[in-house]
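Working notes, beginning with the structure itself.
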Amino acid sequence: MEFPPASDSSRASSGNDVPFVTAAQASALLRSGMAISNELIGAAFPEFARTILDELSGKWDFDVGSPLVQRHLAAKLDDLNHTFMARLQETQDQYFQEITVGRVQAPPGSLDAETLSLVDSISVESNTVVERHASKVAGYAEQSLRDLNLVVAFLLGRSSVRSSENPLGPAVYVRALLRAAEDTDLHKEAWEFFLTVFEKPLGEELARIV
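According to numbering that gives the first Met the number 0, the sequence shown is numbered sequentially starting from 0.
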């Protein structure tokens, strides 16, 4: 089983109409939701990415990231789309594992001090960036995401689930976007601007598909 046992409070009682969901059923429902959300966001991504490109091309912005993002979207939109979708599935799987069975710890001694320090530095930096932009994305789909968190918490037999740990939450999409930007060689100086211009269209799309 990939889930901890459901709490007694989540089980249906004689005076409660809430159904009891087994761990296997909960896992299947979450996996199904992840697959459906991927399909929907994959269908919408090229259109809103082109809209972002058109908007950037029609205005002057003093942010150093603006021309870098414009050139990147113009030259690598298809590559970015495919990479984002691949990274989205990987990231959802990662979040799914973390919320259901916990983080996998590296074996002792598998990383030397220098490598571990570098990994920690990158992780802290990227987590901070993801959390900041995911919070803004969530603002465009606040009620939908609140309801989604309640549903996921029920399936997991928990009292609550944060958007930042939800495999269907905005942090997953923002992290996948950041990884896709890096994989397609967008300059690091443009990452913040890149995520910023995707906040509104991504948030509005999540409000529709959640």
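By construction, the Cβ of each residue, glycine as well, lies at the ideal position given by its N, Cα and C atoms. A quick note: this is a predicted structure, and the numbers were derived from the prediction, not measured.
Exposure label - residue i; buried when at least 16 CB within 10 Å
i	result
GLY245	Coverage of the chain is limited to positions 0 through 209, which leaves residue 245 absent and any answer about it impossible.
GLU188	exposed
ALA25	buried
Other residues of its chain near residue i: CB distance less than 6 Å, five sequence neighbours each side excluded
i	result
GLY168	SER162
HIS186	LEU67
ILE51	VAL196
ARG86	ALA175, ARG178 and ALA179
LYS58	none
Chain-order list of residues whose beta-carbon lies under 8 Å from that of residue i (same chain, five-residue window excluded)
i	result
LEU28	VAL20 and LEU154
VAL209	SER36, ALA140, SER143, LEU144, ASP146, LEU147 and LEU167
LEU115	Because the pLDDT at LEU115 is just 37, under 50, the model does not fix this residue reliably, and the value given afterwards should be weighed accordingly. Here the set comprises nothing.
Straight-line Cα distance separating residue j from residue i
i	j	result
ARG70	ASP53	12 Å
SER56	LEU205	25 Å
ALA180	GLY156	35 Å
ARG30	ASN37	11 Å
GLU164	GLN93	10 Å
ALA42	ALA48	11 Å
ALA170	VAL63	25 Å
SER159	ALA74	42 Å
PHE61	PRO18	55 Å
ARG131	ARG207	22 Å
Beta-carbon gap between residue i and residue j smaller than 8 Å
i	j	result
PHE83	ALA175	yes
LEU79	THR183	yes
SER125	LEU177	yes
VAL150	LEU194	no
GLN91	MET33	yes
Selection from the options that minimises the alpha carbon distance to residue i
i	options	result
GLU203	GLN93, ILE40, ALA152 and ASN165	ILE40
SER65	VAL136, ALA22, GLU191 and LEU201	GLU191
ASP77	GLU46, ARG207, GLU130 and TRP59	GLU46
PHE44	TRP59, LEU72 and HIS132	LEU72
ALA152	ASP60, ILE98 and ARG207	ILE98
Sequence-distant residues of its chain with Cβ nearer than 7 Å to residue i (five each side left out)
i	result
LEU201	VAL136 and TYR172
GLN88	ASN37
LYS199	TYR139
HIS81	none
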